[in-house]
Amino acid sequence: MEKFPWWSEAQIKLAEDAKKFTDEVLIPLGERDVLKKKFPWEGVKQIATKGWFGTLIPKKYGGRAEEWGVTGAAIIIEETSRAGVVHTPLGTTMFGSATQIVHNGNEEQKQRWLPRINKGELIGCITMTEPYAGSDVAGIESTAVREGDYYIINGKKRYQTVAAAADLYMCYFLTSSKPEDRKAYTHLSAFVVEKGTPGFHIEKVNDTMGYDGLYNCYLSLDNAKVPVSNRLGEEGEGWKIMMSGLNVERILNAAPTLGPQRECIRYTQQHLERRLQFGRPICEIATNQFKLADMIWKLYLSRLIVYYGAYCADLGKDVPVEAAISKMFASDSTMVTALDAVQCMGGNGVMKIYPVERIMRDAKHAQIAAGTSEILKLIIYRQGVRDLKNDLKVPQRVIDPDINMPLPLGKPLPRKPGRNEADVLAVLAENYRINPGLHMTMEDIKEWLDISDADLVKYLEILEGQGLAGLYRTRKGISLARATYTGLQKAFPPEHYQYFGTWADPNDLF
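Number 985 marks the last residue of the sequence shown (the working numbering); no jumps.
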């Protein structure tokens with residue numbers, strides 16, 4: 476696959492090495508483990524020999540973060556994701572323990588865990604979801620109560636991928652029930668809970684529709700005694716720590732959708748070129764060509780988005796939108812690509828001797844884990860609108876006397892004095908003329924009038940009381956305003972609101 480022009484020489488070499496190693500070592504192991512529904516221990520051991528568990532760990536602790544970075548992590552996970560599910564414990568260790576400890580741990584914690592993670596001796600698992608807190612992760616109910624040098628933890632976690640196999644569990648627990656802390660998002664704290672902690676055990680092992688061979692578990696904490704020295708950051712910083720790691724987590728949850736897309740294309744093309752029906756290879760049938768074309772452009776765009784997000788993360792940029800888009804688009808694309816691959820391959824597509832049926836089942840997990848596609852769209856909308864705020868501002872428009880229709884101005888008009896409610900009503904009425912059906916924000920009105928916030932509120936409330944204006948309020952106060960029909964009549968005569976394009980025949984108008 477393409478090596479992007481912004482990749483370093485070290486990252487290019489890593490990509491070549493990862494592809495060769497995956498083809499020669501991991502794919503034979505991974506496919507066998509999947510068919511046997513066996514946890515990919517041998518693949519994990521093989522990956523450990525490459526030093527890839529230390530991709531996001533600084534050189535000081537034995538890793539290669541300065542050399543490979545998030546881009547390198549994405550490269551490794553893309554390639555290894557072609558080999559069944561062996562990439563998953565690698566990924567959960569990267570973003571489920573290593574990055575959190577690197578960025579939020581103290582020196583003692585880093586020395587205690589990072590060298591062993593780097594060697595592949597410790598597997599990590601990130602645990603957020605609870606029976607009653609999923610997408611609303613701020614609603615975590617499991618509690619951690621401090622008693623001296625320990626926290627006594629009670630609660631449950633569920634849907635934890637690679638739980639049971641993992642050694643380190645990145646957990647978030649409720650440490651304050653005060654309403655003011657909940658409002659300020661300082662009610663949670665972050666902990667590394669180690670396998671073998673008394674009172675910490677597997678409650679259920681789920682049998683999922685995909686990810687064959689991977690453990691997916693419920694965890695139970697019953698008066699589990701966790702040392703204060705296992706808390707990351709200060710008490711109350713759990714939400715901040717959780718959010719700080721989500722962008723990298725989402726990028727690295729998008730990366731493992733790329734390998735399966737490539738495998739779907741590979742096996743589909745093999746089938747289409749070698750399957751003859753109606754006297755010719757079915758790759759000559761246009762509908763099959765269209766499906767493969769769709770798979771290819773989805774892969775190209777998925778890779779571009781994922782590696783752009785990884786590159787920006789390596790530059791130290793905050794990338795909530797890029798991470799959300801990469802996770803959503805790549806996982807949705809994989810789902811569609813897998814379905815198309817199965818369809819193109821017909822009966823062979825649903826046979827376990829080919830990986831496409833497994834990829835189809837696994838793809839649904841990718842649309843849910845680390846933020847559902849729906850939650851990601853909310854993030855894209857909210858953060859995206861903020862990021863694009865300056866570009867989304869619509870210019871002032873006025874009725875152009877030449878064509879007798881609204882046109883945007885190159886520069887805003889000088890603001891008129893806002894001396895009374897009549898001046899405000901005139902602006903609201905003029906807005907109806909230019910933007911019929913739309914309210915005005917407070918900022919919109921102030922683009923036309925030189926007026927203080929207090930006076931504007933006062934005049935709008937006077938107009939509302941007189942039935943001349945309709946107002947929409949939020950908890951912060953007046954948000955939107957418009958002139959009522961009565962207000963329009965009071966502001967200007969009826970002919971003021973009339974305008975007709977020059978193409979309209981006056982004889983047809985009334």
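Beta carbons are placed, not taken as given, at the ideal position from N, Cα and C, and that holds for glycine.
- Nearest residue (CA-CA) to residue 929, options 923, 917 and 940: Cα-wise, what sits closest to residue 929 is 917.
- Message: Quick check: residue 509 and residue 559, are their CB atoms within less than 7 Å of each other?
- Response: Cβ atoms of residue 509 and residue 559: closer than 7 Å.
- Query: Under 7 Å between the Cβ atoms of residue 965 and residue 924?
  - Reply: Contact: no.
- Task: Classify residue 946 as helix, strand or coil using the three-state DSSP reduction.
- Result: In the three-state reduction of the DSSP assignment, residue 946 falls in the strand class, which pools E and B.
- Message: Taking the alpha carbon of residue 814 as the reference point, which residue from 943, 527, 696 and 743 has its own alpha carbon closest?
- Response: Here the closest residue by C-alpha is 743.
- Item | Helix, strand or coil at residue 872 according to DSSP, with G and I counted as helix | Of the three classes helix, strand and coil, the one that applies to residue 872 here is strand, per DSSP.
- Taking DSSP as the reference, what is the three-state secondary structure of residue 681? In the structure shown, residue 681 sits in coil (DSSP, three-state: anything other than H, G, I, E or B).
- Identity of the residues DSSP links to residue 692 by a beta bridge: Residue 692 is bridged to 635 and 680.
- Query: Residue range of the alpha helix (DSSP H) that residue 901 falls in?
  - Reply: Looking at the DSSP string, the run of the alpha helix (DSSP H) that includes residue 901 is 896-909.
- Start and end of the alpha helix (DSSP H) containing residue 716? Its alpha helix (DSSP H) spans residues 713-729.
- Expected contact under 8 Å - CB spacing of residue 444 and residue 956 to nearest Å: An answer regarding residue 444 cannot be provided, because it is not within the stretch 476 to 985 covered by the chain.
- Residue range of the unbroken beta strand (DSSP E) whose run includes residue 622: 618-622 is the extent of the beta strand (DSSP E) around residue 622.
- Item | Interface flag, residue 736 vs chain B, CB-CB below 7 Å | Included in the structure is just one protein chain, with no chain B present.
- Run of the beta strand (DSSP E) containing residue 760, from where it starts to where it stops: In the DSSP assignment, residue 760 falls outside any beta strand (DSSP E) and carries neither an H nor an E.
- My understanding is that residue 735 touches residue 837, with C-beta atoms under 8 Å, so please give their C-beta distance in whole angstroms. With 8 Å as the limit, residue 735 and residue 837 qualify as a contact, their Cβ atoms being about 7 Å apart.
- Query: If you draw a straight line from the alpha carbon of residue 671 to that of residue 833, how long is it in whole angstroms?
  - Reply: Rounded to whole angstroms, the separation of the alpha carbons of residue 833 and residue 671 is 33 Å.
- Check whether the Cβ atoms of residue 489 and residue 547 sit closer than 7 Å, and answer yes or no. The answer is yes: Cβ separation under 7 Å.
- Item | One or two residues paired with residue 738 in a DSSP bridge | Note: residue 738 sits in no beta bridge, so no partner.
- Skipping 5 residues on each side, what residues in its chain have a beta carbon closer than 8 Å to that of residue 717? Take residue 717, set aside five residues on each side of it, and the residues of its chain with a beta-carbon closer than 8 Å to its own are 603, 612, 647, 663 and 665, in chain order.
- Straight-line CA distance for residue 539 to residue 573? Going from the Cα of residue 539 to the Cα of residue 573 covers about 12 Å.
- Looking only at DSSP bridge pairs, what is residue 608 linked to? Residue 608 pairs with 605.
- Task: Could you pull the start and end residues of the beta strand (DSSP E) that residue 669 belongs to?
- Result: Start and end: 663-669.
- Task: Could you tell me the boundaries of the beta strand (DSSP E) in which residue 496 lies?
- Result: Segment 484-496 is the alpha helix (DSSP H) holding residue 496; no beta strand (DSSP E) there.
- Task: Quick one: using the 10 Å Cβ neighbour count with 16 as the cut-off for buried, is residue 978 buried or exposed?
- Result: Label assigned to residue 978: exposed.
- Task: Grab me the residues of residue 847's own chain with a C-beta within less than 8 Å of its C-beta, minus the 5 sequence neighbours each way, in chain order.
- Result: For residue 847, where only same-chain residues beyond five positions count, the Cβ hits under 8 Å are 610.
- Query: Considering only residues of the same chain and omitting the five flanking positions on each side of residue 757, which have a CB-CB separation below 6 Å?
  - Reply: Closer than 6 Å at the Cβ level, and outside the excluded window around residue 757, lie 747, 750 and 763.
- Query: Mind checking whether residue 553 and residue 694 have CB atoms under 7 Å apart?
  - Reply: No; because the gap between Cβ atoms is not below 7 Å, this pair is not in contact.
- Rounded straight-line distance, which links the Cα of residue 584 to that of residue 590: One alpha carbon belongs to residue 590, the other to residue 584, and they sit about 11 Å apart.
- Query: Where DSSP assigns a beta bridge to residue 916, which residues make up the other side?
  - Reply: As computed with DSSP, residue 916 is found in a beta bridge with 955.
- Flag this pair as touching only if the stretch 531-538 and the stretch 482-497 have three or more C-beta atom pairs under 8 Å; answer yes or no. Fewer than three beta-carbon pairs drawn from the stretch 531-538 and the stretch 482-497 are found closer than 8 Å, and the two stretches are therefore not classed as touching.
- Task: Could you spell out where the alpha helix (DSSP H) holding residue 810 opens and where it closes?
- Result: In this chain, the alpha helix (DSSP H) harbouring residue 810 covers 795-820.
- Report all residues from its chain with a CB closer than 8 Å to the CB of residue 740; omit the five preceding and five following residues, and keep chain order. Excluding residues within five positions, the ones whose Cβ falls inside 8 Å are 767, 770, 771, 774, 812 and 816.
- Just confirm the distance between the C-beta atoms of residue 645 and residue 615, as a whole number of angstroms; I'd bet it's less than 8 Å. The beta carbons of residue 645 and residue 615 sit about 13 Å from each other, so the pair does not count as a contact at 8 Å.
- Task: Look at the Cβ atom of residue 555, then the Cβ atom of residue 561, and state whether they are nearer than 7 Å.
- Result: Yes. Within cutoff.
- Message: I'd like the list of long-range same chain contacts for residue 870, defined as Cβ closer than 7 Å, with 5 residues on each side in sequence excluded.
- Response: Within the same chain, Cβ atoms closer than 7 Å to the Cβ of residue 870 are found at 883 and 884, the five residues on either side in sequence being excluded.
- Query: When the Cα of residue 881 is compared with those of 860, 859, 893 and 909, which residue comes out closest?
  - Reply: Nearest C-alpha to residue 881: 909.
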